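Visitor: Residues -49 to -1, 1 to 226 (mature numbering (1 follows the signal peptide of the UniProt record, and there is no 0)) make up the sequence shown, in order.
Quick one: structure below, then a few questions.
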Amino acid sequence: MATSNSHRADGRAVTPLRPSGRALRGTGGAAVLGTVLLGSAFASGAAQAAPTAPATAPSAVSQAVAPVAPAPAQALDSSEKLRWGSQGASVEQLQSALNDEGASLAVDGKFGPLTHSAVKDYQQSNDLQVDGVVGPETRGSLNGSTPAVSGGGASVPAPASSASSTGQAIVDAARTQMGAAYSWGSSNPGVSFDCSGLTQYAYKQVGIDLPRTSGQQVDAGTQISKSEAQPGDLVVWPGHMGIYAGGDKVVDAGRSPGAVTERTIWGNPTFVSFR
């Protein structure tokens, strides 16, 4: 009897393995082929292929850094007193500061009648002494702060030596015109002056531009007592003025004696200072 040969003959086609129509189901319902979980493999591959969502980029608004506001600059960075006749960069700063407060001034660095009026308006509106002079109190107010004070609480004055030398220079300038004739409305060095023409001339020699008439000059300065008067201050009578020379003396251009002279003060004049 022929022996059954369990070996396939050479060259015989081998039927490839294919999964049964009734595929086994593994845990979770994944199709199983041998020991491989096809469904799990596919699911794993899909999970690996999905890109990770990037983190939300911060917005431009959150990244922006708020700018730091600079400290406000002082309106006036000079400690010098400013008054009618002052000129320069400090007056330009003053005019700009007054414009910020509602004035309409040309920023030309010349402290004239319009600037003087604007200063007085500002002082009136801010409960300051209304004298048209920008000293520590007015300057401090414009700068939004209190004026600089000494240990005792008083405003720090300008050096006495500087004020004294300027005042003496004013007196000396007036004395150079002694002998010039009196003439109403005149300001002609070496020839003739009226009273306010002489005071305007003497002050101009030290760089202070006073207005022309006696009334304007009085309004531009600060009235002081006789005990406070120093050489160079104005001595004022109704309709007349001269320059205080110290020692109860005045240099003035008077109708009588009709010339520029130095003489003893008479009556009860007032005193006006530009210090």
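For glycine and all other residues, C-beta sits at the position ideal for the given N, C-alpha and C.
Only a predicted model underlies this, so the values are computations on that prediction, with no experimental measurement involved.
#1: For A132, tell me which candidate among Q119, V122 and G148 has the shortest Cα-Cα distance.
#2: Excluding sequence positions up to five away, which residues of its chain have a Cβ less than 7 Å from the Cβ of A69?
#3: Ends of the alpha helix (DSSP H) at R34?
#4: Going by beta carbon distance, what residues of the same chain come within less than 8 Å of A120, once the five residues before and after it are set aside?
#5: Quick check: the Cα distance between S76 and S207, rounded to an integer number of angstroms?
#6: Just grab the DSSP bridge partners of H67 for me.
#7: Note down the Cα distance separating Q74 from Q80, rounded to an integer number of angstroms.
#8: Whole beta strand (DSSP E) runs in the region 155 to 195 with 3 or more residues, listed along the chain?
#9: Note down the Cα distance separating G136 from D203, rounded to an integer number of angstroms.
#10: DSSP three-state label for A126, please.
#11: Could you give the DSSP three-state label for V201: helix, strand or coil?
#12: Between the beta-carbon of K200 and the beta-carbon of I216, is there less than 9 Å?
#13: Could you have a look at S147 and say whether DSSP puts it in helix, strand or coil?
#14: Counting C-beta neighbours from all protein chains within 10 Å, is the total for P64 16 or more, i.e. buried, or is it exposed?
#15: Where do the ends of the alpha helix (DSSP H) carrying E213 lie?
#16: Would a C-beta distance cut-off of 9 Å place Q44 and D28 closer than the cut-off?
#17: Distance, Cα to Cα, D82 vs R126?
#18: Can you check whether the CB of A196 is closer than 9 Å to the CB of V142?
#19: Select from K177, V58, L185 and S178 the residue whose C-alpha is nearest the C-alpha of Q38.
Guide: This is what the structure gives:
#1: Distances from the alpha-carbon of A132 to those of Q119, V122 and G148 put G148 closest.
#2: L49, A54 and L56
#3: Neither: R34 is in no alpha helix (DSSP H) and is coded neither H nor E.
#4: Q156, V157 and G183
#5: 43 Å
#6: H67 pairs with nothing; no bridge assigned.
#7: 6 Å
#8: 173 to 175 and 185 to 188
#9: 14 Å
#10: A quick correction: the sequence has Arg, not Ala, at residue 126. Helix, per DSSP.
#11: strand
#12: yes
#13: helix
#14: exposed
#15: First-last for E213: A210 to T215, but that is the beta strand (DSSP E), not the alpha helix (DSSP H).
#16: Contact flag set, yes.
#17: Distance between the alpha carbons of D82 and R126 is about 29 Å.
#18: no
#19: V58
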